[in-house]
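In this note's numbering, the protein residues as written are 1 to 292.
One structure is given below, encoded as structure tokens.
This is the structure we're talking about:
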């Protein structure tokens, strides 16, 4: 049995996966189920008695083991693993990995290089964030493949979203990649809850625009600052001295654990998530938190 990090699977006599686990040292972790049996819980001893085969997968790091463990648990749904009692999927906000990226809510996390922010258990708050983004930074909503070749050939035409001010027409090359990406960078800060830094940046740009007598641009920047400050004022303030913090709390009884998560940026709660988890092998609170 290897001493490296990895994932182990306990199988019964029918080759059905009973349990999937991760380990810093596969040899040490797997042997603990069988050599320290008197210290194990009744559920763990029952699991060990049904094991007829063990399969292991060696990986490079503990983080790789955690990701693989989660993937295998979702795939096999082993009887003795912890299970989310409420398995509904909360939405996330995605910034697509594409030229002139789209930004929208989704429940499907696709490994294509896109950025995902969430999940949002408070869907209403997520839509408030998206509405703020829509008011401040026009981004496309179409499914067009906006390659340089397609845009240069004039393959696509402006739609209604352009004419009502919700899009700047990247499909016809009416906005540069540089300008669009700068807007996406600002949107990323909004989603992360880094409003203070973005407000300061926009105020500085507003000052420069005024000095250069670009008054229309300065006015547009002023409106964006006002939108951000208004949104910030309506957000839940925990403590303005708290900068960037992830907070987890857990309460457990005999069979279940209740986990709460809050993401705090600049004193503002920007994301929250709660879940109830059924424990199958009397896992410790630390193991439960590693799972979620």
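Where is the CB? At the ideal position from N, CA and C, for every residue including glycine.
Test item: CB-CB of residue 7 and residue 65 under 9 Å: Walking along the chain shown from the start, residue 7 turns up at place 7. Walking along the chain shown from the start, residue 65 turns up at place 65. Yes.
DSSP bridge partner residues for residue 63 (one or two, in chain order): Position 63 of the chain shown, counted from the first residue, corresponds to residue 63. Answer is none; residue 63 lacks a bridge partner.
Rounded straight-line distance, which links the Cα of residue 163 to that of residue 61: Against the chain shown, residue 61 aligns to sequence position 61. Against the chain shown, residue 163 aligns to sequence position 163. Roughly 51 Å between the two C-alpha positions.
Per DSSP, cross-strand counterpart(s) of residue 22: As a first step, residue 22 must be located in the chain shown, where it is residue number 22. Partner(s): 7.
Cβ neighbour criterion (16 or more within 10 Å) applied to residue 77: The residue given as residue 77 occupies position 77 in the chain shown. Exposed.
Spatially closest choice to residue 123 from 106, 136, 114, by CA coordinates: As a first step, residue 123 must be located in the chain shown, where it is residue number 123. When only C-alpha atoms are compared, the closest one is 106.
Rounded separation between residue 169 and residue 158 - CA only: As a first step, residue 169 is located in the chain shown; it is residue number 169 there, counting from the start. As a first step, residue 158 is located in the chain shown; it is residue number 158 there, counting from the start. Looking at the two C-alpha atoms, the distance is approximately 6 Å.
Delimiting residues of the beta strand (DSSP E) encompassing residue 53: By one-based count along the chain shown, residue 53 stands at place 53. Counting along the chain, the unbroken beta strand (DSSP E) around residue 53 starts and ends at 53-58.
Residue of 166, 5, 194, 131 minimising C-alpha distance to residue 56: Numbered from its first residue, the chain shown carries residue 56 at position 56. The shortest Cα separation from residue 56 among 166, 5, 194, 131 belongs to 5.
Where the beta strand (DSSP E) through residue 94 begins and ends: Residue numbering aside, residue 94 sits at position 94 when the chain shown is read from its first letter. Counting along the chain, the beta strand (DSSP E) containing residue 94 begins and ends at 92-95.
When 175, 35, 71, 43 are compared against residue 9, the one with the closest alpha-carbon: The residue labelled residue 9 in the question sits at position 9 within the chain shown. Ranking 175, 35, 71, 43 by Cα distance to residue 9 puts 71 first.
CB-CB length for residue 12 against residue 74, believed under 8 Å: Stepping through the chain shown from its first residue, residue 12 is reached at position 12. Stepping through the chain shown from its first residue, residue 74 is reached at position 74. In this structure residue 12 is not in contact with residue 74, their Cβ atoms being roughly 20 Å apart against a cut-off of 8 Å.
Integer-rounded CB distance, given that residue 250 should sit under 8 Å from residue 289: Walking along the chain shown from the start, residue 289 turns up at place 289. Walking along the chain shown from the start, residue 250 turns up at place 250. Rounded, the Cβ-Cβ distance is 6 Å, consistent with contact.
Exposure of residue 100, with buried meaning 16 or more beta-carbon neighbours within 10 Å: For this step, residue 100 is matched to residue 100 along the chain shown. Buried, because 16 or more other Cβ atoms sit within 10 Å of the Cβ of residue 100.
Inter-residue spacing [alpha-carbon to alpha-carbon] between residue 286 and residue 247: Mapped onto the chain shown, residue 286 falls at position 286. Mapped onto the chain shown, residue 247 falls at position 247. Approximately 14 Å between the Cα atoms of the pair.
DSSP-derived helix/strand/coil call for residue 140: For the purposes of this step, residue 140 is taken as the residue at position 140 of the chain shown. Residue state, collapsed to three classes: coil.
Beta-carbon contacts of residue 135 that lie in its chain and below 7 Å, excluding the five residues immediately before and after: If you number the chain shown from 1, residue 135 lands on position 135. Result list for residue 135: 227, in chain order.
Under the three-state DSSP convention, the category residue 33 falls into: As a first step, residue 33 is located in the chain shown; it is residue number 33 there, counting from the start. Looking at residue 33 - three-state DSSP - the assignment turns out to be helix.
Unbroken beta strand (DSSP E) run spanning residue 116, endpoints: Position 116 of the chain shown, counted from the start, is the residue given in the question as residue 116. Taken as a continuous stretch (DSSP letters only), the beta strand (DSSP E) holding residue 116 covers 115-117.
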